[in-house]
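In terms of numbering that gives the first Met the number 0, the sequence shown has 52 at position 53, counting the first letter as 1, and numbering is strictly consecutive.
Don't be surprised by glycine CBs; every beta carbon is placed ideally from N, CA and C.
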Amino acid sequence: MLETPGDLAAVAGLLGLCLGSFLNVVIHRLPRMMEREWQTQCCELRGEAPPASEPLTLATPRSRCPACGHPITALQNIPVLSYLVLRGRCAACRNPISPRYPLIEAFTGLVSAYLASHFGLSWQTAGALCLLWTLIALACIDLDTQLLPDSLTLPLLWLGLLFNLFGTYVDLASAVVGAMAGYLSLWSVYWLFKLATGKEGMGYGDFKLLAALGAWLGWQMLPAIILLSSLVGAFVGLGLIVFARHGRNIPIPFGPYLAAAGLIALLWGGSLTRTYLGLMS
Numbered sequence: 000m001l002e003t004p005g006d007l008a009a010v011a012g013l014l015g016l017c018l019g020s021f022l023n024v025v026i027h028r029l030p031r032m033m034e035r036e037w038q039t040q041c042c043e044l045r046g047e048a049p050p051a052s053e054p055l056t057l058a059t060p061r062s063r064c065p066a067c068g069h070p071i072t073a074l075q076n077i078p079v080l081s082y083l084v085l086r087g088r089c090a091a092c093r094n095p096i097s098p099r100y101p102l103i104e105a106f107t108g109l110v111s112a113y114l115a116s117h118f119g120l121s122w123q124t125a126g127a128l129c130l131l132w133t134l135i136a137l138a139c140i141d142l143d144t145q146l147l148p149d150s151l152t153l154p155l156l157w158l159g160l161l162f163n164l165f166g167t168y169v170d171l172a173s174a175v176v177g178a179m180a181g182y183l184s185l186w187s188v189y190w191l192f193k194l195a196t197g198k199e200g201m202g203y204g205d206f207k208l209l210a211a212l213g214a215w216l217g218w219q220m221l222p223a224i225i226l227l228s229s230l231v232g233a234f235v236g237l238g239l240i241v242f243a244r245h246g247r248n249i250p251i252p253f254g255p256y257l258a259a260a261g262l263i264a265l266l267w268g269g270s271l272t273r274t275y276l277g278l279m280s
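Here you go:
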């Protein structure tokens, strides 16, 4: 069936497009599901009945326009293509649809195809796709809400250890040490910053995300991931402050930079590390 690398890349790209559409649902609904759960828990602690609301899961209710409530049909939910056919507007009320939806779908499809062509028909491709899809969801949720849900970061960590149980990316010892060192490194930075300034510089979700990346890529990649994410975060943060008038006291989520650095390390971490060491020697 998959006779050439191009066939594998095409299948992975189509799968990525479909998963990109599902990721849009996860990004939109998961934080709201968490908020409802917190509200229910607060009501239970106060001895009150939780407020009545429509059931909300990743599967229900059916996707619909947030402006008019028009249900989105299967033909109107084809990744990227439906957005282009509808010219970026709801079929019923003609309110604009955020371009982020097709962008996430297209990005997921393109990078999924590249991962398949990079690793070939192997367990490395299967793992890389799982890692990519979860990182995309985490990065976008963090951008929207400054949350990195445990329901994504913790399974990602255990899945990384599972893949490396068979040495898919690194040996198991490197993966376990990577998970431990990833969590403790940012945990230490958090407490040093808090003791020095009295403020929280990052959230616990960042610790868990770096631990997950350590579980996938091993402790050897952690310096590269931290360096890359810090450099990108610093440049973007300065750009937001200078050009977008982003307030200095307004927090900037760190999760997207960790996710981007993790993906770069997955693909080119070894060559980047060797190049850096060669320049330093």
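Let's test the definition: count the other Cβ atoms within 10 Å of the Cβ of residue i and tell me whether it reaches 16, buried, or not, exposed.
i, result
"Ala66", "exposed"
"Pro54", "exposed"
"Asn94", "exposed"
"Lys207", "buried"
"Gly197", "exposed"
"Val241", "exposed"
"Asp205", "buried"
"Leu29", "buried"
"Ala214", "buried"
"Leu191", "exposed"
"Ser52", "exposed"
"Cys89", "buried"
"Gly159", "buried"
Does any residue of chain D bring its CB to less than 8 angstroms from the CB of residue i?
i, result
"Pro148", "As a matter of chain content, chain D is missing from the structure shown, which is built from one protein chain."
Measuring straight from C-alpha to C-alpha, what distance separates residue i and residue j?
i, j, result
"Thr107", "Phe21", "11 angstroms"
"Leu227", "Leu266", "13 angstroms"
"Ala127", "Glu47", "45 angstroms"
"Ala112", "Leu44", "48 angstroms"
"Ser187", "Phe234", "23 angstroms"
"Pro148", "Met201", "14 angstroms"
"Ala138", "Ile103", "11 angstroms"
"Leu161", "Asp141", "25 angstroms"
"Glu264", "Ala178", "The sequence shown places Ala at residue 264, rather than the Glu named in the question. Whole-angstrom Cα-Cα distance: 15 angstroms."
"Trp122", "Thr39", "41 angstroms"
"Leu85", "Ala8", "28 angstroms"
"His27", "Gly277", "44 angstroms"
"Gly238", "Pro250", "14 angstroms"
"Gly19", "Lys193", "37 angstroms"
"Pro252", "Leu146", "8 angstroms"
"Leu74", "Tyr100", "16 angstroms"
"Glu36", "Thr133", "22 angstroms"
"Pro222", "Ala258", "14 angstroms"
"Val79", "Pro98", "10 angstroms"
"Leu209", "Ala180", "9 angstroms"
"Asn135", "Met33", "What sits at residue 135 in the sequence shown is Ile, not Asn. Looking at the two C-alpha atoms, the distance is approximately 18 angstroms."
"Cys42", "Asn163", "42 angstroms"
"Tyr189", "Leu131", "26 angstroms"
For residue i, which beta-bridge partners are listed by DSSP?
i, result
"Pro252", "Pro252 is not bridged to any residue."
"Arg63", "Pro70"
"Pro95", "Arg88"
Quick one, which of the options has its alpha-carbon nearest residue i's?
i, options, result
"Val110", "Gly213, Ser150, Gly12", "Gly12"
"Tyr256", "Gly269, Ile224, Thr274", "Ile224"
"Ile77", "Asp170, Cys17, Tyr189, Ala178", "Cys17"
"Ser150", "Ser184, Ala211, Ala105", "Ala211"
"Asp143", "Arg31, Val10, Gly19", "Arg31"
"Leu120", "Tyr182, Asp6, Val241, Gly254", "Asp6"
"Val10", "Ser116, Ala90, Asn23", "Ser116"
"Thr56", "Ala105, Val24, Cys92, Ala180", "Val24"
"Thr124", "Leu14, Gly238, Ala258", "Leu14"
"Leu153", "Asp170, Leu171, Tyr182, Phe165", "Tyr182"
"Gly269", "Trp218, Ala258, Leu230, Pro252", "Trp218"
"Phe118", "Gln75, Thr3, Thr272", "Thr3"
"Ala174", "Ile71, Leu185, Ser184, Leu156", "Leu156"
"Gly232", "Tyr189, Leu209, Leu158, Ala260", "Ala260"
"Leu216", "Cys64, Cys92, Asp170, Leu185", "Asp170"
Tell me which residue opens and which closes the alpha helix (DSSP H) that residue i is part of.
i, result
"Trp37", "4-45"
"Arg99", "99-118"
"Val175", "171-196"
"Leu209", "203-216"
"Ile77", "Looking at the DSSP string, Ile77 is not in any alpha helix (DSSP H), and its letter there is neither H nor E."
"Ser311", "What is shown of the chain runs 0 to 280, which leaves residue 311 out entirely."
"Asp121", "Rather than Asp, the amino acid found at residue 121 in this sequence is Ser. Here Ser121 belongs to no alpha helix (DSSP H), and DSSP marks it neither H nor E."
"Gly159", "149-163"
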